[in-house]
Structures are given as C-alpha cells and as structure tokens.
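Chains as they are written, first to last, in numbering that gives the first Met the number 0: chain A, 0 to 203; chain B, 0 to 135.
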Amino acid sequence: MLDADFFRRWMAATATAVDREADRLTELDSAIGDADHGSNLQRGFTAVAAVLEKEAPATPGAVLTLAGRQLISTVGGASGPLYGTLLRRTGKALGEDAEVTRDQLAQAFAAGVAAVGQLGGAQAGDKTMLDALLPAAEALASSFQGAADAARAGAEATVPLQARKGRASYLGERSIGHQDPGATSAALLVEALAETARDGGAEA
Amino acid sequence: MSGAPQVGIVLVSHSGPVAEAVAELARGLAAGGVTAPVAAAGGLPNGGLGTSAELIGRAAASVDRGAGVAVLVDLGSAVLTVKAMLAEGDELPENTRLVDAPFVEGAVAAVVTASSGGDIGAVEAAASEAYGYRKT
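Have a look at this one:
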C-alpha cells in the first residue's frame, strides 16, 4: 500500500530529478520553445517540496492536490497549469484514503492525464507531454517500472514528430528532429515514481 | 444603470507593460462617464515574462463588485492558467468567466460594454464579437 509519505517522497524525488536535468530541459526548450522549461519546473517543484514539508498533508490525495495547486501558483509557464492539473486531478481522484494501491493510483493518474488533455486540447502524437503520459498511465496498471519505461520511450518517440500544440507548433516542420521538453520532463516525473517505489520496496 | 454594480475586467498578458497599456487603452476609449473596474495582471511578480496565478487572483479580487468578472488573456500559459484556476473553484471570485476574445479589441469592447452597465453575458458577447471585425 502507498501512504502519504510515499507520495511526499515521490514529489521530493521529482524535485531532485528536475534539479539534475534542468539544464537539459532548458536546452531542449531553447531548440523549439522559449528556453524556460528547466528553470520553470525547478522553481515549481522546489516550491512543492517545501510546501509538502511544511504542511505535511495526511493522505495521498491531499499530497498531490496541494502539490498541483503549488505548481499552478509558482511555475509561470504553461507547464504550471498542465502539471498542476495532472497532480491535482490525480489527487482528487484518489479521494481521502490514508493508503492507496498501485491500481487505484493507476486509475487516478489516468484521470489526471485525461484532464491534462482536456485543458490543453492536445492528443497523442501532437509532440507534447501527453506522448509520455498516456503510455505511462496505461502501463502503470501493470507495474511502476513499466510506466517509467513507457514514459521514457514515449518521450524519445517525440523526436520525429511535428509539434501541433504550444509555441513549438509555430515552427511547423522545423520542430521535427527535437525531443519535446514537456514529454521529457513528464518522463522524469514517472521515473521518479518508479524510483520511489523501488526504494520503498513497493511491489514492482 | 446608475448604482448597479459593474462587471469587472481582468487583462492577463505574458508582459506586464502589455497588460497595463491595453488596460489604459481600453479605459481611454471607453471614457465619457464612469468606467468599469479594469485590472492588469501581466507577467511575473518579479517583472519577468510569464503568467502569475497570484497576480491574476489579486487582480480579479480587486475588480469584483459582485456582478461577475470577465478575464481576457493573450496566449499559451495565460489561457491555461486561468482555465486551471477556474477548474479549482475557489481561487477566483464567483461568476468569473474566461472570455474567448482577441486581446486588444476584446478588451476595448468589454470595458465599453461593462461601463455602460452590461451584465457579464453582454460583456462576454461583446468581447467575443470583436473576432468578427475584419480589417481587410
């Protein structure tokens, strides 16, 4: 079972991964975006880790809802409302249980991913974070590591795609050949989840 | 419509100066009486480019007179941030609407309509109709 502490550790692991990869995310974003993805997410997840430590929400749902809210208020770019909606909707779908199963998380996460699609109006293949999140949500029903692998593969598969959403879409064909920064950071989030599960001894 | 509360207008841009200037332009073009409350929420609190939920929330609260608040946005994260805030339910005043409109023309139409006492529906319609003004 996954408790509030597991979700706090997931968010902390994501903050660490975003810190480590911030330069790479910004570099990817300078190719097809406005070169602020790494620093924006760094600011956002640093604030998330801080607020979770300070307020220590008691349930998995409350941890993710607070984290999402914090991202929306601190990021300053489109990744704020998108990741904020993902976590907040996932948190709301988890309800008020003190502990949840991986299956419950997989279902809630799928609802969160669907909310991201609705907010941004993007679909699979548009070269966005959804290209990592959609396969991850599906694979999470089977295992944490499978979700991480699916997210990473999905992010890498955005390289040959032409962007159809966001600022990168203004580049048209020139967006082809670059890995999408949003899909790349989405893979970091899901990889941090698998890492947290592994370190905490949760089943696969 | 004297005495009735007016609809508030919030202008959200990635740039602080753009939001302020469009607010100024809309107020100027609506002049000739009591102007509806207009607030700019541009850029980040530190003055950089971007969208700030904090500034948007503060701007919306400052123009809320109880008749609703119409929010006009430029693009990208401005659109997504307001939508995400509306989905939350408690971060913006009651009866706040994201209005689908061109930023500059829509702002002028919204302020003129709100200043003449139009309700939130009329303000939204006037701003959206600004998409129809052909320039060629």
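The C-beta atom is built at its ideal place from N, Cα and C for all residues, glycine as well.
Just so we're clear, the structure is a prediction, and the values are computed from it rather than from any experiment.
*Quick one: list the residues of chain B neighbouring PRO180/A, beta-carbon separation under 7 Å, in chain order.*
Stepping through the first sequence from its first residue, residue 180/A is reached at position 181. What PRO180/A touches in chain B: nothing, since even the nearest Cβ is about 14 Å away.
*VAL81/B versus ALA58/B, GLY27/B and THR112/B, residue with shortest Cα-Cα distance*: Translated into positions along the second sequence, residue 81/B becomes position 82. It is ALA58/B.
*asked:* Just to confirm my understanding: we take TRP9/A, look at its own chain, exclude 5 residues before and 5 after, and list those with CB closer than 7 Å. What are they?
replied: Within the first sequence, residue 9/A is the residue found at index 10, counting from 1. Taken in chain order, the residues that qualify are ALA191, LEU192 and THR195.
*asked:* Can you check whether the C-beta of THR25/A is within less than 8 Å of a C-beta belonging to chain B?
replied: Residue mapping note: residue 25/A aligns to position 26 of the first sequence, counting from 1. For THR25/A, the answer is no, since every Cβ of chain B falls outside 8 Å of its Cβ.
*Below 7 Å CB to CB, which residues in the same chain sit around ALA34/A once its five sequence neighbours on both sides are set aside?*
Residue 34/A sits at position 35 when you count from the first residue of the first sequence. Closer than 7 Å at Cβ, skipping near neighbours: THR25 and ASP28.
*Going by beta carbon distance, what residues of the same chain come within less than 6 Å of ALA113/A, once the five residues before and after it are set aside?*
The residue labelled residue 113/A in the question sits at position 114 within the first sequence. Result list for ALA113/A: empty, nothing under 6 Å.
_Test: LEU187/A CB closer than 8 Å to a CB of chain D_ = The chain inventory of the structure shown lacks chain D, comprising the protein chains A and B.
*Go ahead and pull the three-state DSSP assignment for THR34/B.*
For the purposes of this step, residue 34/B is identified with residue 35 of the second sequence, where counting begins at 1. When DSSP states are grouped into helix, strand and coil, THR34/B belongs to the coil group.
*From the DSSP output, which residues share a beta bridge with THR95/B?*
For the purposes of this step, residue 95/B is identified with residue 96 of the second sequence, where counting begins at 1. Per DSSP, the beta-bridge partners of THR95/B are VAL68/B.
*Kindly indicate if chain B contains any beta-carbon less than 8 Å away from that of ILE71/A.*
By 1-based counting over the first sequence, the position of residue 71/A is 72. Yes, because at least one Cβ of chain B sits closer than 8 Å to the Cβ of ILE71/A.
*Anything in chain A within Cβ reach of GLU19/B, meaning under 9 Å, just list it in chain order.*
Position 20 of the second sequence, counted from the first residue, corresponds to residue 19/B. What GLU19/B touches in chain A: nothing, since even the nearest Cβ is about 18 Å away.
*asked:* Mapping the DSSP letters down to three states, classify VAL78/B as helix, strand or coil.
replied: Locating residue 78/B in the second sequence gives position 79, counting from the first residue. Judged by DSSP in its simplified three-state form, VAL78/B adopts helix.
_I'd like to know whether the C-beta atoms of ALA108/B and ALA77/B end up nearer to each other than 8 Å._
Here residue 108/B is taken as the residue at index 109 of the second sequence, counted from 1. Here residue 77/B is taken as the residue at index 78 of the second sequence, counted from 1. Contact check for ALA108/B against ALA77/B fails: the beta carbons are separated by 8 Å or more.
_Chain-ordered chain B contacts of ARG163/A [CB-CB under 8 Å]_ = In the first sequence, counting from the first residue as 1, residue 163/A sits at position 164. Residues of chain B passing the Cβ test: none, with the nearest at roughly 14 Å.
*Do the region 143-156 of chain A and the region 165-177 of chain A meet, that is, are 3 or more Cβ pairs less than 8 Å apart?*
Two segments are said to touch when three or more pairs of C-beta atoms, one from each, lie closer than 8 Å; by this definition the region 143-156 of chain A does not touch the region 165-177 of chain A.
_Could you check whether the Cβ of GLY49/B sits closer than 8 Å to any Cβ belonging to chain A?_
Working through the second sequence from its first residue, we reach residue 49/B at position 50. Yes, contact with chain A.
*For VAL9/B, which three-state DSSP category applies?*
Taking the first residue of the second sequence as 1, we reach residue 9/B at position 10. Here VAL9/B sits in strand by DSSP.
*Write down every uninterrupted run of the alpha helix (DSSP H) in the region 2-74 of chain A whose length is 4 residues or greater and which is fully enclosed by it, in chain order.*
Listed in chain order, the complete alpha helix (DSSP H) runs (minimum 4 residues) inside the region 2-74 of chain A are 3-31, 36-54 and 59-73.
_Tell me the residue span of the alpha helix (DSSP H) that contains ILE55/B._
By one-based count along the second sequence, residue 55/B stands at place 56. Per DSSP, the unbroken alpha helix (DSSP H) holding ILE55/B starts and ends at 52-62.
_Near-chain A residues of the region 72-85 of chain B (beta-carbon distance less than 8 Å), N- to C-terminal order_ = Correct list: GLY75, SER76, LEU79, THR80, LYS82, ALA83 and MET84.
*Determine, using beta carbons only, whether LEU170/A comes closer than 8 Å to chain B.*
Along the first sequence, one-based indexing puts residue 170/A at 171. Not an interface residue.
*Nearest-angstrom Cα distance between MET0/B and GLY116/B?*
Stepping through the second sequence from its first residue, residue 0/B is reached at position 1. Stepping through the second sequence from its first residue, residue 116/B is reached at position 117. Low confidence applies to MET0/B: its pLDDT is 47, below 50, so where it sits in the model is not reliable enough to give any reading.
*Does DSSP put VAL21/B in a helix, in a strand, or in coil?*
Residue mapping note: residue 21/B aligns to position 22 of the second sequence, counting from 1. Assignment of VAL21/B by DSSP, reduced to helix, strand and coil, places it in the helix class.
*Determine the DSSP secondary structure at ALA39/B, reduced to helix, strand or coil.*
In the second sequence, residue 39/B corresponds to position 40, counting from 1. ALA39/B sits in a strand when the DSSP states are folded into three classes.
*Please confirm if the region 2-18 of chain B is in contact with the region 52-67 of chain B, defined as three or more CB-CB distances below 8 Å between the two stretches.*
Touching, per the Cβ criterion.
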